[in-house]
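Novice: Taken in sequence, the protein lines are chains A and B. So in our numbering, spot 30 of the first sequence is number 30, and the numbers just go up one at a time. For any residue, its number in our numbering is found by taking its place in the second sequence, counting from 1, and adding 1000. All C-beta atoms, glycine included, are put in the ideal place defined by N, C-alpha and C. I'd like to ask some things about the structure below.
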Amino acid sequence: MPPLISDQCIRCGNCYDICPGDVFDWPDRKKKPVVYYPIECWHCGACRLECPVQGIEYHFPLGMTHV
Amino acid sequence: MKTHHLKADVVIMGGGLAGLNAAIAAAERGTKVAVLDKGKIERSGNIAGGVDHFMAYLETGDPWDTREAYLQFVQEEGYGIVNVEIHNRVFCDELRNAISRLGRIGSPLSDPKTGQYYRTASMGQPGPYWINFNGKNLKPNLAKEVRRLGCKVLDRVMATRFLVSGEKLIGVLGFHIRTGDIYLIECKALVAATGNTNRLYETPTRMPFNTWLCPYNTGEAQRLALEAGATLANMEFLRMTIVPKGFSAPGLNAFTGMGSYFINGLGERYMSTYHEKAEKAPRNWLVWGTLNELREGRGPVFIDSRHLPPDQITHLKKTLGLDKETMDDFLKARTIDIAKEPLEVMVSEAMQTGPIEVVGSGIHIDRNCMSTIEGLFAGGDCADQMKVVHMAVAGGYSAGKFAAEYALKNKFKDLDQGQVREGKARIVAPLKRTKGLHYQEVEDVLRHIMAENVGAFRTKVSLETAQDKIKALAPYLEEIKANNFHELMRSIETASLIKVGEIMTHAALFRKESRFIPYHYREDFPETDNTNWCGQVLVNQIDGRITTEFTPIQYKQQVKGDYL
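Here it is, written out as structure tokens:
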């Protein structure tokens, strides 16, 4: 489910900070943020736009790509 | 849960496109401004991920490119529910200023290299009123200006109750969706700018957040305004669009503006059988035609761009990505190249919003953007006379301007502590329950009821059925349990969605005609009746009950100097 945080993540927290739907959580600041509410993602791209590296990848569920 | 008690001359509820323009207007007039947003204002609201179009006349000398011709178009397109005088005052009076503001903050409507405008025509326009532009950073640029002007920005704060004194708005209550802190803000004026209502109808993919416009816009201002005693209008109208199969996303006007065709499962271009302007018809006709093709078994339907020359395909692909940041990823995931093959499309879910690009739905505003409650203003998609990007920018600014002018002439009033206590209790109630329903269980039922009974094909029986079912569903709001502050936000959104659904159903039952089909199509009253229904349905809540009444609008045949 979208989005996924890749291994390039530098743990800046921008995605957690910016998401308009508050779908991320970041319980451990030493680790990557987590996509806590994936079904609430609007695929707006805000997290990727604000990511300073290529830390965000979009993966669409089959229900969107194969219907 | 700590309480923060603040004072601001003007509070902006919703930091989307309209809200930020309102904040700029109010701050420029020297008022102390606070902006509340459930998200972070740099990327929130309908254009969180960017936008690619803005509607405007530019007075370049062509006969269609004047204020008068534009207002004639507004009258014809919004006939029956648009107030041309208000449109002229809140949009046209601020259009030049809006265009120069966008340039000043770094998101110009013209090409930064050439200074030229890229203009296209669709949606029934008499000339190319759409300006294609790079609005990818429009929100961050506006947010920067709002912060530079010294506005107090309260990111992640959701407004949950208006505080009133008699028929005057004097404050607002809310909470922080991550810390749970309560915010009590006294104000002289408030601009409601929370947009349209999404997540209200079942979506074609059955994914509630896979919506054309922002699924976090859930009708808070409409509900709070109604509860505070304000009048709503045009609430019977829904809106749908045509979207890529599987992905409810904006972009239709990019295709139709460029000259793409609709084709059905037989390979036929079908739109010319529904409207003389074919693919250039207003959006409701594109939806109506497509719904009919599908209902009559001529699906699947496609949008075909193969005939466009390479430079137009390049422009189309670029502008689609500006309107929806992840569209290119989606088309790649579906392995579709729009230059080489038709793109399968579907009719999107419905939403509560103004039916046409020139007229809104929501809080009933006067010529100063004020509601029927003194001190409560509205701008952008939650106002009954504003709609989409161009009016969020110019009209949102007007709302902030008039709110500031009002605030400068008024004083703070003492709060009613009973209202504050009741408002705080309402916020924490879902957190205090030890067991209960998840918000989604209640919402899913609402979406099902709305799609089945209050959708594109409505009758007296379907609407009364919806009324009964919503009435039976509403008490379950008192059983929703929130496990954290995020879920608390969602559960309050659920309450707003149920209220908006109830309002829409009442208004749709009251309007016994059809208008902007299929955005209000009564199968039992299929004709548009300008003799009896040229005007707005006004909605109020009295002692907890929804009431409806009709107010006529009179039009002059030609929009002439009287308005200008």
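Measuring CB to CB, does B/ALA1383 end up less than 9 Å from B/ILE1356?
Specialist: no
Novice: Could you tell me the alpha carbon to alpha carbon distance between B/GLU1502 and B/THR1547, rounded to whole angstroms?
Specialist: 11 Å
Novice: Under DSSP, the alpha helix (DSSP H) around B/SER1496 begins and ends at which residues?
Specialist: That run of the alpha helix (DSSP H) goes 1485-1510.
Novice: Looking at the C-beta of A/PRO52, does it have a partner C-beta in chain B at a distance below 9 Å?
Specialist: no
Novice: Given a limit of 9 Å on CB to CB distance, which residues of the segment 1168-1193 of chain B reach chain A?
Specialist: ILE1177, ARG1178
Novice: Relative to the alpha-carbon of A/TRP42, which residue among B/THR1314, B/GLY1246, B/ALA1407 has its alpha-carbon at the smallest distance?
Specialist: B/GLY1246
Novice: Report yes or no: is there a C-beta of chain A within less than 9 Å of the C-beta of B/THR1031?
Specialist: no
Novice: Excluding the five sequence neighbours on either side, which residues of its own chain have a C-beta within less than 6 Å of the C-beta of B/THR1256, listed in chain order?
Specialist: SER1122, GLU1279
Novice: Closest to B/GLU1464 by CA distance: which of B/ARG1522, B/LYS1136, B/HIS1486 is it?
Specialist: Selected option, being the one with the closest Cα: B/ARG1522.
Novice: With 16 other CB atoms within 10 Å as the buried threshold, where does B/MET1370 fall?
Specialist: buried
Novice: Can at least three beta-carbon pairs, one atom from the segment 1066-1080 of chain B and one from the segment 1038-1049 of chain B, be found at a separation below 8 Å?
Specialist: no
Novice: Pairing CB atoms from the segment 1508-1518 of chain B with CB atoms from the segment 1531-1539 of chain B, are three or more of them under 8 Å?
Specialist: yes
Novice: Please report the distance separating the alpha-carbon of B/LEU1320 from that of B/ASP1328.
Specialist: 8 Å
Novice: State yes or no: is the beta carbon of A/LEU4 nearer than 9 Å to at least one beta carbon in chain B?
Specialist: The beta-carbon of A/LEU4 is placed no less than 9 Å from the nearest beta-carbon of chain B.
Novice: For B/VAL1347, does the count of other Cβ atoms within 10 angstroms reach 16, so buried, or fall short, so exposed?
Specialist: buried
Novice: Smallest Cα separation from B/GLN1385: which of B/ILE1303, B/GLU1344, B/ASN1088, B/LEU1343?
Specialist: Closest option to B/GLN1385, Cα to Cα, is B/ASN1088.
Novice: Please give the ranges of any alpha helix (DSSP H) in the segment 1316-1377 of chain B, keeping only runs that are unbroken, at least 4 residues long and fully inside the region.
Specialist: 1327-1333
Novice: Identify each residue in the segment 1124-1154 of chain B for which the Cβ-Cβ distance to at least one residue of chain A is less than 8 Å, and report them in chain order.
Specialist: Answer in chain order: LYS1136.
Novice: Pick out whichever of B/LYS1409, B/ILE1542, B/GLU1527 has its Cα sitting closest to the Cα of B/CYS1187.
Specialist: In terms of Cα proximity to B/CYS1187, the closest of B/LYS1409, B/ILE1542, B/GLU1527 is B/LYS1409.
Novice: In chain order, what residues of the same chain lie with their CB nearer than 6 Å to the CB of B/ARG1029, ignoring the 5 residues before and after it?
Specialist: ALA1404
Novice: Along chain E, which residues have their Cβ under 7 Å away from the Cβ of B/GLY1246?
Specialist: In summary, chain E is missing from the structure at hand, where the protein chains are A and B.
Novice: Below 6 Å CB to CB, which residues in the same chain sit around B/LYS1040 once its five sequence neighbours on both sides are set aside?
Specialist: Excluding its 5 nearest sequence neighbours in each direction, B/LYS1040 has C-beta neighbours in its own chain below 6 Å: ASP1155, listed in chain order.
Novice: Would A/GLY55 pass as a contact of A/ILE5 if the rule is Cβ separation under 9 Å?
Specialist: yes
Novice: Would B/ARG1199 pass as a contact of B/GLU1452 if the rule is Cβ separation under 9 Å?
Specialist: Cβ distance not < 9 Å, so B/ARG1199 and B/GLU1452 don't count as in contact.
Novice: Bridge partners for B/PRO1552 per DSSP, in chain order?
Specialist: B/GLY1535
Novice: Any beta-carbon of chain A closer than 9 Å to the one on B/ALA1394?
Specialist: no
Novice: Kindly provide the ranges of any beta strand (DSSP E) runs that are 3 or more residues long and lie completely inside the segment 1141-1226 of chain B, ordered along the chain.
Specialist: 1152-1155, 1157-1165, 1168-1176, 1182-1192
Novice: Check for me: the alpha helix (DSSP H) holding B/THR1102 runs from which residue to which?
Specialist: Strictly speaking, residue 1102 of chain B in this sequence is Leu, with Thr absent from that position. Segment 1093-1105, the alpha helix (DSSP H) holding B/LEU1102.
Novice: Between the segment 1318-1332 of chain B and chain A, which residues of the former have CB atoms less than 7 Å from a CB of the latter, in chain order?
Specialist: GLU1325, THR1326, ASP1329, PHE1330
Novice: If we require 4 or more residues per run, which alpha helix (DSSP H) segments fall completely within the segment 1376-1448 of chain B?
Specialist: 1388-1408, 1417-1432
Novice: Taking 9 Å as the CB-CB cut-off, is A/ASP28 touching chain B?
Specialist: No - not a single Cβ of chain B is within 9 Å of the one on A/ASP28.
Novice: By alpha-carbon positions, which one of A/VAL35, A/HIS59, A/VAL67 ends up nearest to A/ASP22?
Specialist: A/VAL35
Novice: Does any C-beta atom of chain B lie closer than 9 Å to the C-beta of A/GLY13?
Specialist: Chain B contact via Cβ: absent.
Novice: If B/MET1235 and B/VAL1539 are in contact, beta carbons under 8 Å, what's the gap, nearest whole angstrom?
Specialist: Contact flag correct, Cβ pair sits at about 5 Å.
Novice: Run through DSSP, which three-state label would B/LYS1007 get?
Specialist: Reduced to three states, the DSSP call for B/LYS1007 is strand.
Novice: How would you label B/ALA1495, buried or exposed, when you count the other beta carbons within 10 angstroms and need 16 or more for buried?
Specialist: buried
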